[in-house]
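Each residue of the sequence shown is one higher than the one before, starting from -17 at the first, in our numbering.
Since the structure comes first, as structure tokens, the remarks are kept for the end.
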Amino acid sequence: MGTSVKIIVGVDEAGRGPVLGPLVMVAIAMKEGELKKLEWLGVKDSKQLSSEVREELFERIHEVVHDFRIEVIEPDAIDLSLREPGTNLNWLEAETCARMVSELDPDTIIIDCPSPNIKAYTDFISSRLSKAVREKAQLIIEHKADVNYIVASAASIVAKVIRD
């Protein structure tokens, strides 16, 4: 019997503020044992890197990831969804995040939280994950996850390059 491979997913976005363009959300799945590859590449939060370095890392990240999902939400779609009662940009982002993550079937999910209320955001995402993922995955939602977790840093780089 072999040991099972754990899949870690990191999620981040670029482009909050639809006036400036689309919101790009990225979920990157890595095999737990391969997270070191991101360190070797020099991955860190996209805001700490020049655009040239981000572009270079963008190509190299794609070579080492297990799987990924990208969602580009155009300003018109953001505006339309925000007209729904009880909806805001955080909930739209959470809904998108839960859908992407559920497709990747992770063991651990790490999300950079845009909301000031981490508990409410966590509860909202958890309620929208597929049942299988909700039952098995550890959910880590924090402010600055894109700084503190390398897989979320990789997602931040990919999102920023696509957005720019």
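Beta carbons are placed, not taken as given, at the ideal position from N, Cα and C, and that holds for glycine.
All values reported here derive from a predicted model rather than from experimental measurement.
Which one of N70, Y131, K118 has the shortest CA to CA distance from Y103?
-> Taking the sequence shown and counting its residues from 1, the one referred to as residue 103 is at position 121. For the set N70, Y131, K118, the Cα lying nearest the Cα of Y103 is the one of N70.
Practice item. Measure how close the beta-carbons of I(-11) and P88 come, nearest whole angstrom, since I'm counting them as under 8 Å. Key: As a first step, residue -11 is located in the sequence shown; it is residue number 7 there, counting from the start. As a first step, residue 88 is located in the sequence shown; it is residue number 106 there, counting from the start. Between P88 and I(-11) the Cβ distance is about 5 Å, and since that is below 8 Å, they are a contact.
**Reference L2, options I60, A119, S97, I139, closest by Cα** = Within the sequence shown, the letter at position 20 stands for residue 2. Put simply, of I60, A119, S97, I139 the residue whose alpha carbon is nearest the alpha carbon of L2 is I60.
Length of the line joining the Cα atoms of E41 and D49:
For the purposes of this step, residue 41 is taken as residue 59 along the sequence shown, with counting starting at 1. For the purposes of this step, residue 49 is taken as residue 67 along the sequence shown, with counting starting at 1. C-alpha separation (whole angstroms): 14 Å.
- Query: Who are the near neighbours of H202 in its chain, counting only those whose CB is closer than 6 Å to its CB and skipping five residues on each side?
  - Reply: Past the edges of the chain, shown from -17 to 146, lies residue 202, and the structure says nothing about it.
**Study point:** DSSP three-state assignment for R81, whether helix, strand or coil
**Key:** Within the sequence shown, the letter at position 99 stands for residue 81. Looking at R81 - three-state DSSP - the assignment turns out to be helix.
- Query: V133 lies in the alpha helix (DSSP H); which residues open and close that run?
  - Reply: Counting from 1 along the sequence shown, the entry for residue 133 is found at position 151. Counting along the chain, the alpha helix (DSSP H) containing V133 begins and ends at 132 to 145.
What residue range does the beta strand (DSSP E) around R116 cover?
By 1-based counting over the sequence shown, the position of residue 116 is 134. Counting along the chain, R116 sits inside no beta strand (DSSP E); it lies in the alpha helix (DSSP H) bounded by residues 113 to 118.
**Asked** CB A134 to CB I92, shorter than 8 Å?
**Response** Translated into positions along the sequence shown, residue 134 becomes position 152. Translated into positions along the sequence shown, residue 92 becomes position 110. For A134 and I92, yes; Cβs fall inside 8 Å.
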